[in-house]
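Here the structure comes first, spelled out in structure tokens, and everything after it is commentary.
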Amino acid sequence: MTYFFQIIISGVVVGSIYALAALGLVLIYKSSRVANFAHGQIIASGAFIAFFLTVDKGVPIFFSFIISMIVTFFLAMSVERIFLRRLIGEPIISVIMVTIGLASIIDGLIYFTKFGTENYSFPAFLPQEPVSLWGVSISWTQLVGLIITSLLIGGFSWFFKKSTVGISMRAVSDDQFGSMSVGISVPRVFGLAWATAGLSAAAAGCIIGNITGLNFETLHAFGIVVFPVVILGGLDSILGAVIGGIIMGLIQQFAAGYLDGNFGLSGTGDVMPYLVLLIILLFKPHGLFGIHEIERV
Amino acid sequence: MSANSWLATGNFHTTYKHEQNTFYTSLDRSVFTFFLILLFAWPIFYPLSNKYMLVTDNILIAIVAVMGLNLVTGFAGLISIGHAAFVGIGAYTVASFCRTLGADHVMVTHFWPVLIIFSGLFGAFFGALVGLPALRLKHLYLAIATLSFQMIFQWVINFMSFFNQGQTISVGRAFWLTGEIGRNQHYVFWYYIILTIVVLLGFGVRNLMKTRYGRCLIAVRDNDRAADAMGMNPGLTKVYAFALAGFFAGVAGALHAYLYRGVGFDSFTLKISVSYLAMAIVGGLGTLNGSFWGPVAIKLLDLQVEHLSEVAKQYLPSAMNVATALKPFTFGLVIVLFLMFEPRGIANWWRITKSYTKLWPFRY
Numbered sequence: 089m090t091y092f093f094q095i096i097i098s099g100v101v102v103g104s105i106y107a108l109a110a111l112g113l114v115l116i117y118k119s120s121r122v123a124n125f126a127h128g129q130i131i132a133s134g135a136f137i138a139f140f141l142t143v144d145k146g147v148p149i150f151f152s153f154i155i156s157m158i159v160t161f162f163l164a165m166s167v168e169r170i171f172l173r174r175l176i177g178e179p180i181i182s183v184i185m186v187t188i189g190l191a192s193i194i195d196g197l198i199y200f201t202k203f204g205t206e207n208y209s210f211p212a213f214l215p216q217e218p219v220s221l222w223g224v225s226i227s228w229t230q231l232v233g234l235i236i237t238s239l240l241i242g243g244f245s246w247f248f249k250k251s252t253v254g255i256s257m258r259a260v261s262d263d264q265f266g267s268m269s270v271g272i273s274v275p276r277v278f279g280l281a282w283a284t285a286g287l288s289a290a291a292a293g294c295i296i297g298n299i300t301g302l303n304f305e306t307l308h309a310f311g312i313v314v315f316p317v318v319i320l321g322g323l324d325s326i327l328g329a330v331i332g333g334i335i336m337g338l339i340q341q342f343a344a345g346y347l348d349g350n351f352g353l354s355g356t357g358d359v360m361p362y363l364v365l366l367i368i369l370l371f372k373p374h375g376l377f378g379i380h381e382i383e384r385v
Numbered sequence: 003m004s005a006n007s008w009l010a011t012g013n014f015h016t017t018y019k020h021e022q023n024t025f026y027t028s029l030d031r032s033v034f035t036f037f038l039i040l041l042f043a044w045p046i047f048y049p050l051s052n053k054y055m056l057v058t059d060n061i062l063i064a065i066v067a068v069m070g071l072n073l074v075t076g077f078a079g080l081i082s083i084g085h086a087a088f089v090g091i092g093a094y095t096v097a098s099f100c101r102t103l104g105a106d107h108v109m110v111t112h113f114w115p116v117l118i119i120f121s122g123l124f125g126a127f128f129g130a131l132v133g134l135p136a137l138r139l140k141h142l143y144l145a146i147a148t149l150s151f152q153m154i155f156q157w158v159i160n161f162m163s164f165f166n167q168g169q170t171i172s173v174g175r176a177f178w179l180t181g182e183i184g185r186n187q188h189y190v191f192w193y194y195i196i197l198t199i200v201v202l203l204g205f206g207v208r209n210l211m212k213t214r215y216g217r218c219l220i221a222v223r224d225n226d227r228a229a230d231a232m233g234m235n236p237g238l239t240k241v242y243a244f245a246l247a248g249f250f251a252g253v254a255g256a257l258h259a260y261l262y263r264g265v266g267f268d269s270f271t272l273k274i275s276v277s278y279l280a281m282a283i284v285g286g287l288g289t290l291n292g293s294f295w296g297p298v299a300i301k302l303l304d305l306q307v308e309h310l311s312e313v314a315k316q317y318l319p320s321a322m323n324v325a326t327a328l329k330p331f332t333f334g335l336v337i338v339l340f341l342m343f344e345p346r347g348i349a350n351w352w353r354i355t356k357s358y359t360k361l362w363p364f365r366y
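Chains A and B, in that order, give the protein sequences.
When you line the first sequence up against our numbering, it's residues 89 to 385, in that order.
When you line the second sequence up against our numbering, it's residues 3 to 366, in that order.
Structure, rendered in structure tokens:
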């Protein structure tokens, strides 16, 4: 039974990170209908900037997290400004391919640095002894990661519900022409959506980097695995991203915990999200909380 | 029918029959024949070393795969991010014959044309299977469905011991009428075989676009609701498109297996899928000659980048692996620049030159 609860705990931790990573994707999709295939690379660069500042420059670790979030904020904003703004109104394949091309460019840039091939880990700044609750243990990094993630997601939800900028972003996602007519600058909202996505990606990158260590392959793999998450939750719903993330984390950890080793299987945790994804796409393509689009000729 | 069959300046179709001809003017036909003879003859007069012959063969295989991708992405407008997995299915069909029968079984070495066609059909089957969500889904959702197929394929190959867990499975040498194909003739032999297949499939695509089904594809790409209202079946059209793309990919995979005389996991990863998409875009989506230009451009670029990184290596610290960094960088840059400045690809340049030479000295 302890094993069961242990898996639930790790599932929720992994799931909340997925939710944070998926949040950025949803933000961009919600406002500009662009699926960002370079999200994993932004996550990775956020984590690497934080590591570079902490270890090579000696900045205190919390400050370096915040600086890296600010840097990716502007990085993602400039990406939107330089590459995506001139593609507004182009066919969807062009936009998707531009983000794939961007992913490739950032890949190349990261391979130029020392982070491309080697593994690093953040210096430990939390107690090493895991917390034990009724026999279920959870490490401090996971616990702090979970708390920061929930705070960030709560903050983002508040931002969208209450703040003026958040409301204008929701307005743009609802109706671009309508929001233009009430004086919202649509390109600025797109830029802001990318920027906030970059910020949340950096936060996700720092948390993942603390929990699993810094490895470029695992970090940019997050950019692919968030797709099952957002499809499950619905591509344009923040609540969907959170719930989808946690469900996907649980599915993955349960698959890894119970299927691996039995029936001669291995690595099921990696493939399970995609199997679930195919099934969702066949039966409920708009996810749990996604909006059905009505099309007209 | 135009008065002068050499110098037609416009569209002179008077009957549907004439519109369905493969070549409209004698100029078209003779240019095509000239290039065909050139392509078949140059290895005799200008033999390349094995290394460069392998690059040439590689380009041709990529052309086969990209023709399929162009059918599904260019003509039908469905984004497929799992094309390398379909190519992989073709290659692993050959590989599984080698695993069960042995690499040098008669089936593998003598009946390779049968095996290549069989791989294509197997690829088509999987293509249709993955295309099934297309009955309900569009655009991004479909792209993600193909992406998940790619990930599942990678897991299956890496997991199953039947597929040697992604390690190389060797494939025997092919036999021709004259006997076994030796080391020295291997690449030239496969050059001719693949070239023939490219020509056949190219004609296939060109003719397909003039049939009822081909026009259906384009109608569905442009507006599937309207196509539905006109009495076409968009869902089925899309599934067929995926099946066709799977066939091309399967053939390409089988050829890849024979050319390298082995099948390994590395040639069918997500990165390769993306590079097929890049080839289709750089060549020009929705055009047949784009499927030729794209692979040539990308593969030659790859080769140049390799040379460049060899040179750069001498001036940079040895710890840095220039090739692994430079390749994705230039590759991504080319995709992005093409999409931003020439979204219709190299095929558009070809079209511009063609119309310029046709009308010279007049502007239009």
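For every residue, glycine included, the Cβ atom is placed at its ideal position computed from N, Cα and C.
*Looking at A:F203 and A:L141, is the spacing between their C-beta atoms short of 8 Å?*
Counting from one through the first sequence, the residue named residue 141 of chain A turns up at place 53. Counting from one through the first sequence, the residue named residue 203 of chain A turns up at place 115. Not in contact: A:L141 and A:F203 (Cβ atoms no closer than 8 Å).
*Which residues does DSSP pair with A:G301 in a beta bridge?*
Here the question's residue 301 of chain A lines up with position 213 in the first sequence. By DSSP's assignment, A:G301 forms no beta bridge with any residue.
*Residues of its chain near A:V128, where Cβ-Cβ distance is below 6 Å and the 5 sequence neighbours each way are ignored*: Within the first sequence, the letter at position 40 stands for residue 128 of chain A. Rather than Val, the amino acid found at residue 128 of chain A in this sequence is Gly. Excluding the 5 residues flanking it on each side, A:G128 has same chain C-beta neighbours closer than 6 Å at H308, F310 and G311, in chain order.
*Would you identify the three-state DSSP class for B:G174, choosing helix, strand or coil?*
Position 172 of the second sequence, counted from the start, is the residue given in the question as residue 174 of chain B. Correct three-state label for B:G174: coil.
_Validate contact between the region 241-250 of chain B and the region 77-94 of chain B using beta carbons, cut 8 Å, 3 pairs_ = Touching, yes.
_To the nearest angstrom, how far is the alpha carbon of B:W351 from that of A:V147?_
Stepping through the second sequence from its first residue, residue 351 of chain B is reached at position 349. Stepping through the first sequence from its first residue, residue 147 of chain A is reached at position 59. Near 52 Å, if we compare the C-alpha coordinates of A:V147 and B:W351.
*Please list the partners that A:L190 has in chain B, where partner means a Cβ-to-Cβ separation under 7 Å.*
As a working mapping, residue 190 of chain A is identified with position 102 in the first sequence. Neighbours of A:L190 in chain B, taken as residues at a C-beta separation under 7 Å, are given in chain order as G334 and V338.
*So A:I184 packs on B:A145, CB below 8 Å; how close in whole Å?*
Taking the first residue of the first sequence as position 1, residue 184 of chain A is located at position 96. Taking the first residue of the second sequence as position 1, residue 145 of chain B is located at position 143. With a Cβ gap of about 6 Å, A:I184 and B:A145 count as contacting.
*If we count Cβ pairs, one from each stretch, closer than 8 Å, do we get three or more for the region 130-144 of chain B versus the region 259-275 of chain B?*
Verdict: no, contact absent.
*Does A:L214 get closer than 8 Å to chain B when you measure Cβ to Cβ?*
Start at 1 with the first residue of the first sequence, and residue 214 of chain A comes out as number 126. For A:L214, the answer is no, since every Cβ of chain B falls outside 8 Å of its Cβ.
_Tell me which residue opens and which closes the alpha helix (DSSP H) that A:V232 is part of._
The residue labelled residue 232 of chain A in the question sits at position 144 within the first sequence. Per DSSP, A:V232 belongs to the alpha helix (DSSP H) from W228 to K249.
*Which chain A residues are close to B:L328, counting only those with a beta carbon under 7 Å from its beta carbon?*
Along the second sequence, read from residue 1 onward, the residue named residue 328 of chain B stands at position 326. Among the residues of chain A, those whose CB is under 7 Å from the CB of B:L328 are G196, following chain order.
*What are the residues of the region 350-374 of chain A that lie near chain B, defined by any Cβ-Cβ distance shorter than 7 Å?*
Listed in sequence order: S354, G355, D358, V359, Y362, L363, L365, L366, L369, L370 and P373.
*Buried or exposed: which applies to B:R371, given that a residue is buried once 16 or more other Cβ atoms fall within 10 Å of its Cβ?*
The structure shown does not extend to residue 371 of chain B, since chain B is modelled only from 3 through 366, so no value can be given for it.
*Taking just the CA atoms, how far does B:W295 sit from B:F333?*
As a first step, residue 333 of chain B must be located in the second sequence, where it is residue number 331. As a first step, residue 295 of chain B must be located in the second sequence, where it is residue number 293. Their backbone Cα atoms lie some 16 Å apart in a straight line.
*Endpoints, the alpha helix (DSSP H) within which B:V158 is located*: In the second sequence, the residue the question calls residue 158 of chain B occupies position 156. Its alpha helix (DSSP H) spans residues H141 to F161.
_Once DSSP output is grouped into helix, strand and coil, what is the label at A:F221?_
Taking the first sequence and counting its residues from 1, one reaches residue 221 of chain A at position 133. At residue 221 of chain A the sequence reads Leu, which differs from the Phe that was named. Strand.
*Which of helix, strand or coil DSSP assigns to A:D348*: Counting from one through the first sequence, the residue named residue 348 of chain A turns up at place 260. Shown here, A:D348 sits in a strand according to DSSP, grouped into three states.
_Only counting the same chain, and skipping five residues up and downstream in sequence, which positions put a Cβ closer than 8 Å to that of A:I198?_
Against the first sequence, residue 198 of chain A aligns to sequence position 110. Hits under 8 Å: Q129, A132, S133, F136, G204 and F304.
*asked:* With H, G and I counted as helix, E and B as strand and the rest as coil, what does DSSP make of A:E178?
replied: Against the first sequence, residue 178 of chain A aligns to sequence position 90. Coil.
*Interface residues of chain B around A:G332 at Cβ under 7 Å?*
If you number the first sequence from 1, residue 332 of chain A lands on position 244. Below the 7 Å Cβ cutoff, chain B contributes no neighbours of A:G332, its closest Cβ being approximately 13 Å away.
*Excluding the 5 residues preceding and the 5 following A:F153 in the sequence, name in chain order all residues of the same chain whose CB lies nearer than 6 Å to its CB.*
Working through the first sequence from its first residue, we reach residue 153 of chain A at position 65. Excluding residues within five positions, the ones whose Cβ falls inside 6 Å are A138 and C294.
*asked:* Mapping the DSSP letters down to three states, classify A:E206 as helix, strand or coil.
replied: Counting from one through the first sequence, the residue named residue 206 of chain A turns up at place 118. Residue state for A:E206 is assigned as coil, using DSSP reduced to three classes.
_DSSP three-state assignment for B:S4, whether helix, strand or coil_ = Working through the second sequence from its first residue, we reach residue 4 of chain B at position 2. Any reading at B:S4 is ruled out, since the residue's pLDDT is 48, under 50, leaving its predicted position unreliable.
*Compute the Euclidean distance between the alpha carbons of A:I296 and A:F213, then round it to the nearest angstrom.*
Taking the first sequence and counting its residues from 1, the one referred to as residue 296 of chain A is at position 208. Taking the first sequence and counting its residues from 1, the one referred to as residue 213 of chain A is at position 125. For A:I296 and A:F213, the gap between their C-alpha atoms comes out near 15 Å.
*What number of angstroms, rounded off, separates the C-alpha of A:G328 from the C-alpha of A:L370?*
Along the first sequence, one-based indexing puts residue 328 of chain A at 240. Along the first sequence, one-based indexing puts residue 370 of chain A at 282. A direct Cα-to-Cα measurement between A:G328 and A:L370 gives close to 18 Å.
*Determine, using beta carbons only, whether B:L197 comes closer than 8 Å to chain A.*
Position 195 of the second sequence, counted from the start, is the residue given in the question as residue 197 of chain B. False, the Cβ-Cβ gap to chain A never drops below 8 Å.
*Can you list, in chain order, the residues of the region 61-72 of chain B whose Cβ is nearer than 8 Å to any Cβ on chain A?*
Considering only beta carbons, no part of the region 61-72 of chain B lies closer than 8 Å to chain A.
*asked:* Going by DSSP, what residue range makes up the alpha helix (DSSP H) through A:P361?
replied: Counting from one through the first sequence, the residue named residue 361 of chain A turns up at place 273. Start and end: T356 to F371.
*Secondary structure at B:L287, three-state DSSP: helix, strand or coil?*
Within the second sequence, residue 287 of chain B is the residue found at index 285, counting from 1. Shown here, B:L287 sits in coil according to DSSP, grouped into three states, outside any helix or strand.
*Rank B:F205, B:A231 and B:I159 by C-alpha distance to the C-alpha of B:A93 and give the top, closest one.*
For this step, residue 93 of chain B is matched to residue 91 along the second sequence. Measuring from the Cα of B:A93, the nearest candidate turns out to be B:I159.
*Give a yes or no on whether the minimum CB-CB distance between A:P316 and chain D is below 8 Å.*
Among the chains of the structure shown, chain D does not appear; the protein chains present are A and B.
*chain A partners of B:W157, CB-CB under 7 Å?*
Along the second sequence, read from residue 1 onward, the residue named residue 157 of chain B stands at position 155. Simply G355, D358 and V359.
_Extent of the continuous alpha helix (DSSP H) run through B:A67_ = Within the second sequence, the letter at position 65 stands for residue 67 of chain B. From DSSP, the alpha helix (DSSP H) with B:A67 extends over N52 to L71.
*asked:* For B:M232, count the other beta carbons within 10 Å of its own beta carbon; 16 or more makes it buried, fewer makes it exposed. Which is it?
replied: Here residue 232 of chain B is taken as the residue at index 230 of the second sequence, counted from 1. Per the 10 Å Cβ criterion, exposed.
_Is the beta carbon of A:Y117 closer than 8 Å to that of A:G333?_
Start at 1 with the first residue of the first sequence, and residue 333 of chain A comes out as number 245. Start at 1 with the first residue of the first sequence, and residue 117 of chain A comes out as number 29. Cβ distance not < 8 Å, so A:G333 and A:Y117 don't count as in contact.
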